[in-house]
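Counting in full-length UniProt numbering, the sequence shown runs from 1 upward without gaps. Glycine included, C-beta positions come from ideal geometry on N, C-alpha and C. Quick notes on the structure that follows.
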Amino acid sequence: MSAGPLIADFEQVTLVDLIRHGGSLFAEAGLTFGHSYDNALDEATQLVLHALHMPHDLSPVYGQSRVTTAEKAKVLALFERRIRERIPAAYLTGEAWFAGLSFKSDPRALVPRSPIAELIESGFEPWLGGREVHRALDLCTGSGCIAIATGHYHPDWDVTGIDISDDALSLAAENKTRLHADNVHFVKSDLFAALDGEVYDLIVTNPPYVTNDETDALPGEYAHEPELGLRAGDDGLDLALRIMRDAPDHLSEQGLLICEVGEAERALVELLPEVPMAWVEFKVGQMGIFVVERHDLVEHHDRIRALAAARG
1 MSAGPLIADF EQVTLVDLIR HGGSLFAEAG LTFGHSYDNA LDEATQLVLH
51 ALHMPHDLSP VYGQSRVTTA EKAKVLALFE RRIRERIPAA YLTGEAWFAG
101 LSFKSDPRAL VPRSPIAELI ESGFEPWLGG REVHRALDLC TGSGCIAIAT
151 GHYHPDWDVT GIDISDDALS LAAENKTRLH ADNVHFVKSD LFAALDGEVY
201 DLIVTNPPYV TNDETDALPG EYAHEPELGL RAGDDGLDLA LRIMRDAPDH
251 LSEQGLLICE VGEAERALVE LLPEVPMAWV EFKVGQMGIF VVERHDLVEH
301 HDRIRALAAA RG
């Protein structure tokens, strides 16, 4: 498909024309959505606004504004790349919105998209139950979005983000500067390995949780993301079980673990039906995120340790 004739029959083109046209092209091409945007029109909207250097929340009153030939060409070039190369829109624009904040986004880390954003904006209530938090930890921080957003909404908290990837940590550092997150710092670590003796009141994590079979079958858009942030064994729980095993050593007495496992929720419940994990209901329903108290992890530590050890 060539960008040139995509909209050549339009004598006068408006922003709405371009957005509608992009949405139609994306739907026809069978693109996969889910990297910040979940439908063709929203992605087309963001690509149009980015190409024209307009704010992402531009008022609809500008929808009938006409674009120049040069502006149309820029938009069509982005549409062309999105279709031909299957690049997620956030990587094309270099920006992803998470918890109301603008993060730099590129292939060094997954595109920010966790529903944990909703928890951050709600102050992690009712799950914290009003308990005090002085230190919080974000495991597998990637772009730093969870750690930085948490620090933004809780400026009195000391927030640490860890990741094993140097590339991800470099992007997180840039986002820290971008968002002036002075109460957030990042550490390179394989989960808790570099955190000996460190204790937190809240641990939040969105670790890799995609099964091997699912990772191998993912649409082309996901091939642009680091596989390290996706693949997590035959049932998607290789990292989650290690986190549950080791979290009690790094949680305060009344500490709380919040962990995202996505579609691996069913497998986790089948493995550990005796552990009282509370599954969070979001505005759009349940999203595979559980909350568990430190004392419950301690009580069932032997079983969790055995399951984690079986994975090597």
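Asked                                                                                                                   : Found
DSSP bridge partner residues for residue 285 (one or two, in chain order)                                               : 282
Residue 163 - containing beta strand (DSSP E), residue span                                                             : 158-163
With 16 other Cβ atoms within 10 Å as the buried cut-off, status of residue 69                                          : exposed
Buried or exposed by the 16-neighbour rule on C-beta atoms within 10 Å, applied to residue 72                           : buried
Counted within 10 angstroms of its Cβ, other Cβ atoms place residue 46 as buried (16 or more) or exposed                : buried
CA nearest to the CA of residue 212, picked from 204, 230 and 220                                                       : 230
Whether residue 143 touches residue 181 by CB criterion (8 Å)                                                           : no
Proximity of residue 67 and residue 18 at Cβ, strictly below 8 Å                                                        : yes
Neighbour-count burial assignment, residue 53, 16 or more Cβ in a 10 Å radius                                           : exposed
Residue 21: first and last residue of the uninterrupted alpha helix (DSSP H) it sits in                                 : 15-29
Straight-line Cα distance separating residue 307 from residue 89                                                        : 38 Å
Assigned exposure category for residue 176 - 16 Cβ within 10 Å defines buried                                           : buried
Cutoff 8 Å; reference residue 113; Cβ partners in own chain excluding five residues on either side                      : 34, 35, 36, 96 and 98
Residue 216 versus 304, 201 and 233, residue with shortest Cα-Cα distance                                               : 233
Residue 4 classed as buried or exposed, judged by whether at least 16 other C-beta atoms fall within 10 angstroms       : For residue 4, the pLDDT reaches just 45, beneath the cut-off of 50, and the residue's location in the model is therefore unreliable, although a value from the coordinates is still provided. Exposed: under 16 other Cβ atoms inside 10 Å.
Residues near residue 313 in its chain [Cβ-Cβ closer than 7 Å; skip 5 each side]                                        : Not covered by the structure: residue 313. The range shown for the chain is 1 to 312.
Which listed residue (168, 29 and 304) has its alpha carbon closest to that of residue 81                               : 29
Inter-residue Cα distance where the pair is residue 205 and residue 221                                                 : 23 Å
The segment 287-294 contacting the segment 242-258, beta-carbon criterion three pairs below 8 Å                         : yes
Rounded separation between residue 1 and residue 263 - CA only                                                          : For residue 1, the pLDDT reaches just 43, beneath the cut-off of 50, and the residue's location in the model is therefore unreliable, leaving the point undetermined.
8 Å Cβ cutoff met for residue 136 and residue 200                                                                       : yes
Classification of residue 62 by the beta-carbon crowding that lies within 10 angstroms, buried from 16 upward           : exposed
Close-in-space but distant-in-sequence residues of the same chain around residue 166 (CB under 8 Å, 5 per side omitted) : 188
Residues bridged to residue 210 (per DSSP)                                                                              : 231
Range covered by the beta strand (DSSP E) that runs through residue 136                                                 : 135-139
Secondary structure of residue 91, DSSP reduced to three states                                                         : helix
Beta-carbon proximity of residue 203 to residue 153, cut-off 8 Å                                                        : no
Local conformation of residue 295 per DSSP, three classes                                                               : helix
For residue 117, the three-state DSSP class (helix, strand or coil)                                                     : helix
Own chain residues within Cβ distance below 6 Å of residue 22, not counting five before or after                        : 44 and 79
Where residue 312 sits in the DSSP three-state scheme                                                                   : coil
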